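See structure below.
Numbering (my numbering), first residue to last: 2 to 257.
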């Protein structure tokens with residue numbers, strides 16, 4: 002997994018007043034470790050005084066959306082930073098040792114950076130990501146057919162614990178900010194949104210949006226199984242555009 006790009010702390014351009022729109026929407030798409038950049042985008046918006054009325058996300062964007070909607074304004078950047086620092090922390094010293102080896106060999110620049118990125122990716126493949134996912138004891142094809150272990154290479158129980166620690170789901174469900182995440186119904190193949198106007202959001206809804214097979218298992222919600230929304234659509238833009246009644250919206254879409 003790539004290292005998180007921490008948001009810049011400098012406050013520069015704060016708007017004197019809110020732009021004349023009925024609502025501000027922040028749309029966060031999927032993109033794996035590149036989702037760390039979304040934290041910086043949110044911080045820049047917050048420092049400019051542009052606080053979204055609606056946040057919608059898919060896959061890693063769903064997790065970042067939950068961290069935003071599930072915290073008061075003064076704690077949102079802290080929650081985003083805490084999540085990304087947690088999941089990008091190396092499980093052991095292999096990448097650090099490899100970096101030292103590259104330095105001792107006199108390798109530097111883009112070539113060395115590429116090798117180091119591959120080392121980090123290999124470490125994540127073998128050990129998982131802290132607070133996000135861990136490798137199962139045995140590969141799926143060695144597990145009993147129909148068991149949860151046979152569905153995926155990794156266990157995402159750590160992600161649920163992280164969401165419960167960093168996200169106030171009561172705030173998501175009762176707060177003024179609208180919240181939406183998209184996932185794919187495995188049985189029907191249809192794209193579905195879990196929205197605070199129609200659902201009581203739980204950690205499972207966030208996890209469903211990022212359940213990318215075969216790495217992660219499908220997430221079960223009310224008797225149905227869901228996969229990563231990015232399998233059909235990687236951005237929630239259409240959901241916001243199709244929303245009725247229409248409102249004059251200032252939308253910020255973060256492409257990864």
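Note that beta-carbon positions come from the ideal geometry of N, C-alpha and C, so glycine has one too.
Note that this is a predicted model, so its numbers are computed, not measured.
Here DSSP, grouped into helix, strand and coil, assigns residue 235 to coil. Taking every protein chain shown into account, the CB of residue 166 has fewer than 16 other CB atoms within 10 angstroms, so this residue is exposed. A direct Cα-to-Cα measurement between residue 46 and residue 256 gives close to 15 Å.
For the 8 Å CB-CB criterion, residue 36 and residue 182 do not form a contact. Per DSSP, the beta-bridge partners of residue 26 are 55, 252.
Residue environment: residue 175 is assigned as exposed (fewer than 16 neighbouring CB atoms within 10 Å of its CB, all protein chains considered). In this structure, the beta-carbon distance from residue 207 to residue 238 does not fall below 8 Å. CA-to-CA, the gap between residue 28 and residue 133 works out to about 22 Å.
Residue 68 places its beta carbon less than 8 Å from that of residue 168. Positions of the beta strand (DSSP E) runs, each at least 3 residues long and wholly inside the region 177-247, are given as 179-186, 192-196, 220-222, 225-229 in order along the chain. In the DSSP assignment, residue 134 forms a beta bridge with 130. Nearest in C-alpha terms to residue 172, of all of 204, 32, 229, 19, is 204. If you check the CB distance, residue 199 and residue 209 do not come in under 8 Å.
For residue 111, the three-state secondary structure derived from DSSP is helix.
From the listed residues 31, 55, 50, 20, the smallest Cα separation to residue 244 is found for 55. Relative to residue 31, the option among 253, 162, 62, 177 whose CA is nearest is 62. If you draw a 10 Å sphere on the C-beta of residue 89, you find 16 or more other C-beta atoms in it, and that means buried. Collapsing the DSSP output to three states places residue 171 in a helix. For residue 170 and residue 39, the gap between their C-alpha atoms comes out near 21 Å. Counting the other CB atoms within 10 Å of its CB gives residue 60 a total of 16 or more, which places it among the buried residues.
According to the DSSP assignment, residue 87 belongs to the alpha helix (DSSP H) that extends over 77-88. A distance below 6 Å between beta-carbons, with the five flanking residues on each side excluded, links residue 251 to the following residues of its chain, in chain order: 20, 22, 25.
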